[in-house]
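Asks:
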Amino acid sequence: MLYYTLPPSPELSPYVRFFWVLESEASVNQPYVHRSMADGCAELIFHYRGQFTELVGADKTEKSFMAGLHGPAQTFRRFAIQQSFGIFGVYLYPFALTQFFSIPAVEVRNQMPHLSSLLGREGSNLEDKIMTAPDNSTRWQLLSQFLLKKLINNRFKQPPPVFATIQSIIQNKGILSVNQLAEQTCLSTRQFERAFKSYSGFSPKLFSRIIRFQAALNEYGNQQKSLTEISYTCGYYDQSHFIHDFKEFSGHHPRVYFSGKSLESAYRDC
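Numbering (UniProt numbering), first residue to last: 1 to 270.
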């Protein structure tokens with residue numbers, strides 16, 4: 001299995017966290033199972049080799065898109081593939097959806113629309129270019145150029161103050177006083193919460209919970225910390241609170257996930 005990230009250009013860095021690539025072998029006898037977990041950010045995803053099937057229920061499956069958007073999510077979903085695959089993605093701050101595509105994050109939360117339904121012919125053309133590109137360096141260049149052009153055409157003259165608030169919560173791993181941040185935007189509590197939900201997809205409280213959970217996920221592989229230490233490091237009041245959120249947002253008990261026995265954590269071992 002191969003997993004690596006690529007940095008955005010300086011012009012895109014306020015809106016793009018990073019680009020990423022995941023490639024692996026899989027077969028009928030050894031399928032690969034992926035679990036997308038709750039995340040406050042969004043992703044554009046291109047399956048340039050192989051197509052995943054979503055495991056909707058015990059006896060129900062649906063073909064996933066070849067190219068599309070994974071909106072900010074408070075739930076987990078499971079996907080499987082029985083052939084070798086390659087995926088190219090770009091990990092976006094949630095407010096980037098407004099800057100690039102004039103779409104409030106709240107409109108696509110917990111959704112995975114196809115790129116063509118999201119962007120029409122423009123999306124179909126981008127999909128064709130990414131799918132037929134000779135390598136991932138070219139894909140990085142094509143997608144960077146596309147996003148930069150969208151940013152120039154759509155960006156606000158001055159980003160709303162709530163953008164900085166959302167970014168601060170992410171950078172501080174969800175451990176911030178939301179009330180203090182609201183005061184810094186010079187908005188009333190009601191105005192702040194409305195703007196925050198529009199640009200992030202969630203209320204400030206739920207968004208902070210999801211970001212804390214993501215911070216905990218990133219402690220995977222840290223052999224120096226126990227689960228209790230991870231929970232306190234990530235701002236949980238006690239371990240029971242940590243376990244509750246982890247199971248809600250991932251479908252796993254943290255002990256299973258951090259043991260490395262979960263199939264869905266395999267790419268983190270790359």
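Positions of the beta carbon are idealized from the N, C-alpha and C atoms, including for glycine.
Closest by CA to Lys205, which one among Ile230, Thr138 and Gly174?
Replies: As a first step, residue 205 must be located in the sequence shown, where it is residue number 205. The residue with the shortest Cα to Cα distance from Lys205 is Gly174.
Asks: Just to confirm, are Gln99 and Asn154 a CB contact at a threshold of 8 Å?
Replies: The residue labelled residue 99 in the question sits at position 99 within the sequence shown. The residue labelled residue 154 in the question sits at position 154 within the sequence shown. It is a contact, given that the beta carbons lie within the stated cut-off.
Asks: Which term fits Tyr15, buried or exposed, when burial requires 16 or more other beta carbons within 10 angstroms of its beta carbon?
Replies: One-based indexing of the sequence shown puts residue 15 at position 15. That one is buried.
Asks: For Ser200, I'd like the list of residues in its chain whose CB is within less than 6 Å of its CB, leaving aside the five on either flank, ordered along the chain.
Replies: Locating residue 200 in the sequence shown gives position 200, counting from the first residue. Answer for Ser200: Pro94, Ala105, Ile166 and Phe207, listed in chain order.
Asks: Leaving out five residues on either side along the sequence, give the residues of the same chain with a beta carbon under 6 Å from the beta carbon of Ser36.
Replies: On the sequence shown, position 36 is the one that residue 36 refers to. Excluding residues within five positions, the ones whose Cβ falls inside 6 Å are Arg77.
Asks: Pairs of beta-carbons, one from the stretch 60 to 69 and one from the stretch 22 to 30, closer than 8 Å: are there three or more?
Replies: Because the criterion of three Cβ pairs below 8 Å is not met, the stretch 60 to 69 and the stretch 22 to 30 do not touch.
Asks: From the DSSP output, in three-state form, read off Val33 for me.
Replies: As a working note, residue 33 is residue 33 in the sequence shown. Correct three-state label for Val33: strand.
Asks: When the Cα atoms are used, what is the spatial distance from Phe18 to Phe202?
Replies: The residue you call residue 18 lines up with position 18 of the sequence shown. The residue you call residue 202 lines up with position 202 of the sequence shown. Between Phe18 and Phe202, the C-alpha separation is close to 22 Å.
Asks: With a cut-off of 8 Å on the beta carbons, I'd call Phe213 and Ala38 a contact; round off their distance for me.
Replies: Position 213 of the sequence shown, counting from 1, holds the residue named residue 213. Position 38 of the sequence shown, counting from 1, holds the residue named residue 38. Yes, they are in contact, since the Cβ atoms of Phe213 and Ala38 sit about 6 Å apart, within 8 Å.
Asks: Please name the residue in Gly120, Ala216 and Cys186 whose C-alpha comes closest to that of His253.
Replies: Position 253 of the sequence shown holds residue 253. The shortest C-alpha separation from His253 is found at Ala216.
Asks: Mind checking if Phe76 is an interface residue toward chain D, Cβ cutoff 8 Å exclusive?
Replies: No chain D is part of this structure, which consists of one protein chain only.
Asks: Residues in the same chain with beta-carbon distance under 6 Å from Phe196, minus the five sequence neighbours each way, listed in chain order, please.
Replies: Indexing the sequence shown from 1 puts residue 196 at position 196. Only Val162 and Pro204 meet the Cβ criterion.
Asks: Candidates Pro8, Phe85, Glu11 and Leu12: which alpha carbon is nearest Val33's?
Replies: Numbered from 1 along the sequence shown, position 33 holds the residue referred to as residue 33. For Val33, the nearest C-alpha among the options comes from Phe85.
Asks: Specify the secondary structure class of Tyr3 as computed by DSSP and reduced to three states.
Replies: Reading the sequence shown from its first residue, position 3 is the one you call residue 3. Correct three-state label for Tyr3: strand.
Asks: My guess is that Leu44 and Val90 are in contact by the Cβ rule of under 8 Å, so how many angstroms apart are they, rounded?
Replies: Sequence index remark: in the sequence shown, residue 44 carries index 44 (1-based). Sequence index remark: in the sequence shown, residue 90 carries index 90 (1-based). So it is a contact: roughly 5 Å between Cβ atoms.
Asks: Cα separation between Gln82 and Phe52?
Replies: By one-based count along the sequence shown, residue 82 stands at place 82. By one-based count along the sequence shown, residue 52 stands at place 52. For Gln82 and Phe52, the distance between alpha carbons rounds to 8 Å.
Asks: What residue range does the beta strand (DSSP E) around Leu176 cover?
Replies: Position 176 of the sequence shown, counting from 1, holds the residue named residue 176. Where Leu176 is concerned, there is no enclosing beta strand (DSSP E), given that its DSSP letter is neither H nor E.
Asks: Leaving out five residues on either side along the sequence, give the residues of the same chain with a beta carbon under 6 Å from the beta carbon of Pro8.
Replies: In the sequence shown, residue 8 corresponds to position 8, counting from 1. Around Pro8: Val16.
Asks: Strictly by DSSP, which residues pair up with Ile81?
Replies: On the sequence shown, residue 81 is found 81 positions in, with the first residue counted as 1. In DSSP, Ile81 forms a bridge with Tyr32.
Asks: State the Cα-Cα distance for the pair Glu62 and Leu55, rounded to the nearest angstrom.
Replies: By one-based count along the sequence shown, residue 62 stands at place 62. By one-based count along the sequence shown, residue 55 stands at place 55. If you take the alpha carbons of Glu62 and Leu55, they lie about 7 Å apart.
Asks: According to DSSP, is Leu187 part of a helix, a strand, or is it coil?
Replies: Looking up residue 187 in the sequence shown gives position 187. Coil at Leu187, not helix or strand.
Asks: Ignore the nearest five residues each way along the sequence and tell me which others in Pro10's own chain have a CB closer than 6 Å to its CB.
Replies: Working through the sequence shown from its first residue, we reach residue 10 at position 10. Around Pro10: no qualifying Cβ.
Asks: Runs of 3 residues minimum, wholly inside the stretch 45 to 74: which ones carry the beta strand (DSSP E) assignment?
Replies: Runs found: 53 to 55, 61 to 63 and 67 to 70.
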